[in-house]
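Throughout the sequence shown, residue numbering follows mature numbering (1 follows the signal peptide of the UniProt record, and there is no 0), covering -19 to -1, 1 to 200 in sequence.
Beta carbons are placed, not taken as given, at the ideal position from N, Cα and C, and that holds for glycine.
In this text the structure is predicted, and so the values were computed from the model without any measurement.
Report on one structure; see the data block that follows.
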Amino acid sequence: MHAAIWVVFAVTFANRAEANSAASENNAAFVALCGPIRLATSTLSSLQAKDEANSIIATIAAINLTVADDTFTTKIEHDKTWKAAPEDYKNARPGWGKFHDTWAAAKKEITGDNSQKYTNWRSFKGNKAAQAQVSHIAEEAFAINSELEALSEKLKADAVTTALNSAIHGTAGAATKNFVLAFGASWADRAKICSQTSRTGTEPKPGTSLLLDAICLCP
């Protein structure tokens, strides 16, 4: 996500500056571009999902089961996972696949050693208004948790590294040995490489790589 934002900034600065600049013409744009480049080439920190999020979801699910009708909770077998459950168990519980394991863990929570944590909530058992409110909160929490799980996949180190390499090197990505710019000895060669219209085919163009933009903006 951050890499994409920086690319937008880079393209914006590149479009506002002279493509093949003379000395000092694009100092401000060049300095501004150094920040994103340093960010994209820095050592990536480990990105992990917060344990707190899982704990909150588990607590909400446990409260939801505590106030729910027994006709629902008695159908949950806390020692089963949906994947390993027999087909007759699954067939008797249509639509349960998405949240079954969350409910099973919640039932284990409210019937096990931590059951005393939910004593106050038991007074709301059978209260339709309380059930509806807690159920709504649980649904919202589950939806948010699903989004967090999807986001955590995108933020895994390999995916982020790939995105950062793409921002730095363009289509060459991590294969930096393929990122070769043949400037030659002529100023005209540099002008061609830094032109949006003179490049053809798969040749890198300004706006597609932070490093190329930096070279073209170099004072």
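A distance below 9 Å separates the beta carbons of Ile149 and Ile18. In this model, Leu145 and Lys186 are separated by some 18 Å (Cα to Cα). Taking C-alpha positions only, Gly78 is separated from Cys197 by approximately 55 Å. Using a Cβ-Cβ distance cut-off of 8 Å, the stretch 103 to 113 and the stretch 46 to 53 are in contact, since at least three pairs of beta carbons, one from each stretch, lie closer than that value.
Trp84 and Lys61 have their C-alpha atoms some 10 Å from each other. Annotation: Gln114 to Thr40 spans about 15 Å, alpha carbon to alpha carbon. DSSP, read as helix, strand or coil, puts Phe53 in helix. Leu191 and Lys135 have their C-alpha atoms roughly 22 Å apart. The alpha-carbon separation between Ala43 and Ala195 amounts to approximately 54 Å. Excluding five sequence positions before and after Ala86, the CB atoms of its chain that fall closer than 8 Å to its own CB belong to Ala39, Ala42, His59, given in chain order. Taking 8 Å as the upper bound for CB-CB distance, Gly151 and Thr178 are not in contact here, some 17 Å apart. Residue Glu33 holds the alpha-carbon nearest to the alpha-carbon of Ala122 among Ser176, Glu33, Asp94, Tyr70.
Phe105: not part of any alpha helix (DSSP H); DSSP gives it neither H nor E.
Inter-residue distance for Ser133 and Ala172 is about 42 Å (C-alpha atoms, whole angstroms).
With respect to Asn45, Ile118 sits close: the two C-beta atoms are nearer than 9 Å. Excluding its 5 nearest sequence neighbours in each direction, Thr92 has C-beta neighbours in its own chain below 8 Å: His59, listed in chain order. Here Glu120 has no same chain residue with a Cβ atom under 7 Å from its own Cβ, once five neighbours each way along the sequence are excluded. Within the same chain, Cβ atoms closer than 7 Å to the Cβ of Asn126 are found at Ala34, Ile38, the five residues on either side in sequence being excluded. Shown here, Pro17 sits in a helix according to DSSP, grouped into three states.
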